[in-house]
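Step one of this worksheet: look at the structure below.
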Amino acid sequence: MLPPHWPPSVAAPHRSPCGFLRELLSPGRGPDPSIRGGTGGGTRSRGTWLGPRGGPRVPQALDIAPLEEAAEAAIADGLLACQVAVARAGEIAWTRTFGRASETTRFWVASATKPIVASAIWLLMDEAKLDIARPVAHYIPEFAAHGKQDVTVEQVLLMTCGFPDAPMAAADGADPARRVQQLADWRLEYPPGTRYVYHGMSAHWVLAELIERLAAQPFCDFVEARVTRPLGLPRILGIPRAEQSQIAQLLPEAGDEVHELFDYATKIEIGEPGGGAVMTAADLALFYQALLHNPGKLWKPTTLADGTGNVRCRLPDPLMNLPANRTLGVVVGAGFGATWAASPTAFGWPGVGGQIGFAEPATGISFAFFQLGDLDTVSPFVRGVAMTNLALELRP
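No gaps in the numbering here: position 196 of the sequence shown is 270 in the working numbering, and each next residue is one more.
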């Protein structure tokens, strides 16, 4: 599904998806008026104003009308549902759900899961249980098989570890013994540390196993106990199918092939560490507020600053020839996949289907935008860039 009016340029002829996205995310490129989105019809509501735990609060002076109009236009153009949240000063300033979902609907956030799992790793670093300069095999001896003995934890966090396409079936990831066997069976695709290639799933399965070895509890439980619960957020990983009724789902008319391709019910159930979280947009926006403000000193300030601002990998991505701009958990500025490329200081992570979460230290704003129902390769990402550019224009 390619929305015909959002934006007009996305349907321009003779532009490959990679070429278009490379142009869109070129370093130094500012917000493009052509990707701000259209204006939607209907009456615009004021949305829902929430405090940190969902209580009512006085609206803050943010001009969110352009965001509302853009989201309404997306629904008018055929998007099934979307959810938007803006936060600042540790609280939700505005959030609203559009289309076939409610304010309490949680969305599968895909790879936007990754920074949350990385933030759990930071806690193990703080406790001196994990030294990222050490080889993974120091903590997981089985991992050393097939020449992987020198791969470091830092390389895994930066996705320079050399096994981007290593497989992990859901049944294997969900079973600790089978998971470890898979980790042992993986083979390197290039020498570690020499290239950046996006690891969609594999790197975070290593992080999950590290958490279980060092924390002595299931990684989904550790993330809940040590990250989301202290921040006042609900459990986000390992949600049983019986409890998934409030999660946005593709409609039956999408067809069996599409449902098989996007089998996120299984990812959600096993808590896939690189892409299995479920959240509301408000939840993710508040997580990024925590990365800005560190409530209760959850992380050591030096660790948090490193994880959110110290770019350790600028190697180019081979697909789009953009710098990775990777820290130990997020993408900063105009890095590969960043919809917030217009800001040199913003950091976050995108997810397939156009899911977005990021924070902008310069303004104190954090933002989340979730989508459902656009199966096109490019248009959800472009829509996300449009919404992100509007969010970056918000000023306290």
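Beta carbons: idealized from backbone N, C-alpha and C, even for Gly. Note that the structure is predicted; figures quoted are calculated from it, not measured.
Item                                                                                                                         : Value
CB contact flag (leucine 284, tyrosine 213, <7 Å)                                                                            : yes
Separation of alanine 359 from alanine 159, as counted between CA atoms                                                      : 6 Å
Close Cβ partners of arginine 447 (< 6 Å) along its chain, the five nearest in sequence each way excluded                    : The amino acid occupying residue 447 in the given sequence is glycine; arginine does not appear at that position. So the list reads Leu153, Leu154, once near-sequence residues are dropped.
Which listed residue (Thr169, Leu378, Ala150, Val230) has its alpha carbon closest to that of arginine 269                   : Val230
Own chain, CB closer than 6 Å to proline 140, minus 5 neighbours either side, in chain order                                 : Leu464
Cross-strand partners of tryptophan 182 (DSSP beta bridge)                                                                   : Val352
Assigned secondary structure, phenylalanine 421 (DSSP; H/G/I helix, E/B strand, else coil)                                   : strand
Meets three-Cβ-pair contact criterion under 8 Å: the region 432-449 and the region 259-268                                   : no
Glycine 164 to glutamate 263 span [Cα, whole Å]                                                                              : 42 Å
Glutamine 229 in three-state terms, based on DSSP                                                                            : helix
For asparagine 399, the nearest candidate out of Ala184, Met233, Ala167 (CA to CA)                                           : Met233
Per DSSP, cross-strand counterpart(s) of tryptophan 168                                                                      : Val160
Among Ala147, Arg174, Ile166, nearest to glutamine 438 - alpha-carbon criterion                                              : It should be pointed out that residue 438 corresponds to glycine in this sequence rather than to glutamine. Answer by Cα proximity: Ile166.
Rounded separation between leucine 396 and glycine 407 - CA only                                                             : 11 Å
Cβ neighbours of alanine 194 in the same chain (closer than 7 Å, five flanking residues each side left out)                  : Ile285, Phe296, Val297, Arg300, Val301
Residues of its chain near glycine 236, where Cβ-Cβ distance is below 7 Å and the 5 sequence neighbours each way are ignored : Val225, Leu262, Glu263, Tyr264, Pro265, Pro266
CA-to-CA distance, alanine 245 to aspartate 137, given in whole angstroms                                                    : 47 Å
C-alpha gap between leucine 393 and alanine 416, whole angstroms                                                             : 20 Å
Where glycine 350 falls, given that 16 or more other Cβ within 10 Å makes a residue buried                                   : buried
Counted within 10 angstroms of its Cβ, other Cβ atoms place glutamine 445 as buried (16 or more) or exposed                  : buried
Where leucine 141 falls: helix, strand or coil (DSSP)                                                                        : helix
Where aspartate 450 falls: helix, strand or coil (DSSP)                                                                      : coil
Where isoleucine 430 sits in the DSSP three-state scheme                                                                     : strand
Continuous alpha helix (DSSP H) stretch holding cysteine 294: start and end                                                  : 293-297
Nearest-angstrom beta carbon gap, methionine 242 and methionine 199 [assumed within contact, 8 Å]                            : Incorrect: roughly 24 Å between the Cβ atoms, too far for contact.
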